[in-house]
Amino acid sequence: MAATSDILPRFVKNSSAAPASPTRQACRLKERHLLMLIVVTFILICFGTIFFAPDFGESLRKIDGLGGMQKRVQDIGQDFLLPPPPLANGRRESPLRHDGDQIEDPHVAQDREKLYHKVKAAGDLPPPLAKPRLGADAAAAAAAAQEAGADAGGAAEQRPAVRVAALPPVITGGEDADPVMQFRRRKIKEMMQHAWRGYASYAWGANEVRPVSKRSHSAGIFGRRPMGATIVDAMDTLFIMGMTDEFAEGRLWIKQHLDVSQVDSEVSIFEMNIRYVGGLLSCFALSGDTLFRDRALETARALLPAFDTPTGIPYGLVVPTTGKAKNYGWASGGSSILSELGTLHMEFSYLSDVTGDPQFRRRVQKIRQVLAGLEKPGGLYPNYLHPKTGKWGQRHISVGALGDSFYEYLLKEWLRSGGADREALMLYRHAIGNVTERLVRTSSQGGLTYVSELLNERPNHKMDHLACFIGGLYALGAAKDPDNKTDRYLKIGKEITRTCHESYDRTVTKLGPESFRFTDNLEAKAIKLQERYYILRPEVIESYFVLWRLTGDKKYREWGWEAAQAIEQFCRVEAGFSGIQDVESPAPRHDDVQQSFFLAETLKYLYLLFSDNSLLSLDEWVFNTEAHPLPIKGVNHRYRQLSGS
Ligand code: DMJ
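Going by my numbering, the residue at position 479 of the sequence shown is 664; the numbering climbs one at a time, nothing skipped.
See the structure below:
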């Protein structure tokens, strides 16, 4: 057996007897080369260690220049081989690119952004854009730009923050004198920043973000294309919170990418109206920027083919590119849905006023005419109406899912029109009167007030989370409608809101379930597992906000804070906020969706709850069903009606 002590292989077996042969000499030479290689490698490793290991480098850092260089190498090091960021102006590039429908891996975009910020921090790129200036400062900046002959629109493409400076000042103020409320309001703004950041980092341009798995998400209601639903829905919340950089980013996306007419799959008329048309009109009213009005107009135009029915009652779905429209297959023999066909009036009327195009108002007046002329079984409105026959479908009556915002828009359109639409008020009084007489009930044990449903004349003692908006609606009607039921309706509004608070307070997480029931044995509790989820819905908080504004009772602020804390505890995840699957679990699973209405509604109502009453006063603004504020005609100077229309 050959000796095993040698490190290097032997090439000659009997080395002891034989003199050194030429072959042997060549082997020694090779051995020497190999040894030299090892020594050089060792030196290189030592050198690298001194440079890259923080402890070894500590003393070197003291030497000017060398220390700085070492830090830079360390900072950039691992990302050095990634391609450079595409934009040097501080604008975030979309991880989902629309150009040619190319979808870029969000992780690549994330890495690129990380590298960009590192390089920028190392001082190799120009400093980021200055924050937009507001007020007089903004006016001065705009004037200077004009004087220099700058094209505000064109230049804005590259430098969105500058574009905002050219806008009228944001609505500021609204800070409550109470430091506790100031703290809470700041916290809600921080939650908004977190929600926005999660969406912008992982799903920019898509409809929503999956904040756990950090990917984009889209519900069928928006069609199959990325339509920036979260951007459009969040814009007015960003505006009132003074998040001007984010607002500028959103505006740029809307300018460059939002074109509903190009969507070649079915979109929901209702959702496109309340989130897009409503959201854009709200931004127009708040900012005066006509881009928003024009996009609202284009969006509403893309929906119009759905109204071409024998009765004028619109279908629920339309394909904007082809104009093909239809109803949901599951909706009572091809019927349209009450809450959908009845939740267009505010946006369409306002759109006609600010564009001078009367066709939108005409469409919703036609719907109104049909509804006003129909016989209502027991004075109530069933949830299904057939667009061809103009006849009611299945007799399901509810102020929750499928019915809810129809009732809301009767009262609110009267308010929005500055009292001009008296027919809306009459219909509201009639509808709410019958809801009160036939659906409002009191639970047998605890005396909780709730609104039941009717299915083929039989009561169903269940309330949806969605139905909880009606506490606020009762109170709003009581405060604004000078009829003789004010006290009674205000009391009902307060009581229903108390019940909705109970539905939160009686769960493990202190978040309310999707629906809750009233039986002989339980009250305001979900029975089935499928009813126990919470998807960041706003309706309960919405009623807290309205009742706080109208009554000044501090308990609504406390209840809102309880909900905010529960959302923070159970729904906050690394890239935003997620719905949860079971409000009765101490460690609920996340549904991995950050709904766009969380930014549009839930956070907005919380923010307003902890602001003072001057911010979006209920005397000047009325909120659409997605919490987008619309100005009240004849009262609010931001109404911006097109002269002559
Ligand atoms: C929102 O899109 C609107 O509030 C709508 O009226 C009902 N559902 C969601 C929020 O829950």
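Where is the CB? At the ideal position from N, CA and C, for every residue including glycine.
Item                                                                                                       : Value
Residue of Glu-753, Glu-747, Val-365, Asp-690 minimising C-alpha distance to Glu-769                       : Asp-690
Proximity winner among Asp-589, Thr-507, Phe-492, Val-504, relative to Arg-547 (alpha-carbon distances)    : Phe-492
Ligand 1 heavy atom lying under 6 Å from the CB of Phe-782                                                 : yes
Member of Ile-617, Phe-654, Arg-702, Phe-795 whose CA lies at the smallest distance from the CA of Gln-630 : Arg-702
As assigned by DSSP and simplified to three states, the class of Thr-494                                   : coil
Endpoints, beta strand (DSSP E) assigned at His-615                                                        : His-615 -> not in any beta strand (DSSP E); alpha helix (DSSP H) instead, spanning 607-623.
Cβ-heavy atom distance, Thr-422 to ligand 1, below 6 Å                                                     : no
Through-space distance from Gly-603 to Glu-727, alpha-carbon basis                                         : 22 Å
Environment of Arg-478 [buried if 16+ CB atoms lie within 10 Å]                                            : buried
Gly-575 beta carbon less than 7 Å from that of Thr-496                                                     : yes
Nearest-angstrom Cα separation, counted from Leu-526 out to Phe-407                                        : 17 Å
Residue interval of the beta strand (DSSP E) (run including Val-504)                                       : 502-504
C-beta atoms of Tyr-741 and Leu-732 nearer than 7 Å                                                        : yes
Sheet register partners of Gly-662 (DSSP bridge)                                                           : According to DSSP, Gly-662 bridges with nothing at all.
Phe-236, DSSP secondary structure in three states                                                          : With a pLDDT of only 35 at Phe-236, under 50, the local geometry of the prediction cannot be trusted, and the value read off the model is given with reservation. In the structure shown, Phe-236 sits in a helix (DSSP, three-state: H, G or I).
Lys-695 (DSSP reduced to helix, strand or coil)                                                            : coil
DSSP three-state assignment for Glu-747, whether helix, strand or coil                                     : helix
Cβ contact (3+ pairs, closer than 8 Å) linking the stretch 739-753 and the stretch 802-810                 : no
Three-state class that DSSP yields for Tyr-674 in the structure shown                                      : helix
Gly-656 at chain D interface by Cβ criterion, 7 Å                                                          : The chain labelled as chain D is not found in the depicted structure, where only one protein chain is given.
Backbone secondary structure at Asn-199 - three-state DSSP                                                 : In this predicted model, Asn-199 has a pLDDT of only 35, less than 50, meaning its place in the structure is not dependable; the value taken from the coordinates is given anyway. Here Asn-199 sits in coil by DSSP.
Where the alpha helix (DSSP H) through Lys-551 begins and ends                                             : 544-558
Per-residue burial, Arg-774 [other beta carbons within 10 Å of its own, 16 or more giving buried]          : exposed
Three CB pairs or more closer than 8 Å across the stretch 704-715 and the stretch 660-671                  : no
Coil, strand or helix - Arg-276 by DSSP                                                                    : Caution is warranted here: a pLDDT of 32 is assigned to Arg-276, below 50, making its placement in the model unreliable, and the coordinate value is therefore given only provisionally. Arg-276 falls in the coil class under three-state DSSP.
Beta-bridge pairing of Asp-649 - partner residues as DSSP gives them                                       : Ser-700
CA-to-CA distance, Ile-582 to Glu-642, given in whole angstroms                                            : 9 Å
Inter-stretch contact (C-beta, 8 Å, three-pair minimum) for the stretch 440-453 and the stretch 403-419    : yes
Helix, strand or coil at Ser-520 according to DSSP, with G and I counted as helix                          : coil
CA-to-CA distance, Lys-374 to Ala-419, given in whole angstroms                                            : 12 Å
Euclidean distance between Cα positions of Gly-519 and Gly-501                                             : 10 Å
Supposed contact pair Gly-383 and Val-394 - C-beta distance, whole angstroms, cut 8 Å                      : 5 Å
Straight-line Cα distance separating Leu-651 from Tyr-729                                                  : 14 Å
Contact the stretch 452-466 vs the stretch 482-489: 3+ CB pairs below 8 Å                                  : yes
Inter-residue spacing [alpha-carbon to alpha-carbon] between Gln-367 and Leu-721                           : 23 Å
Contact check, Glu-805 vs Pro-723, beta carbons under 7 Å                                                  : no
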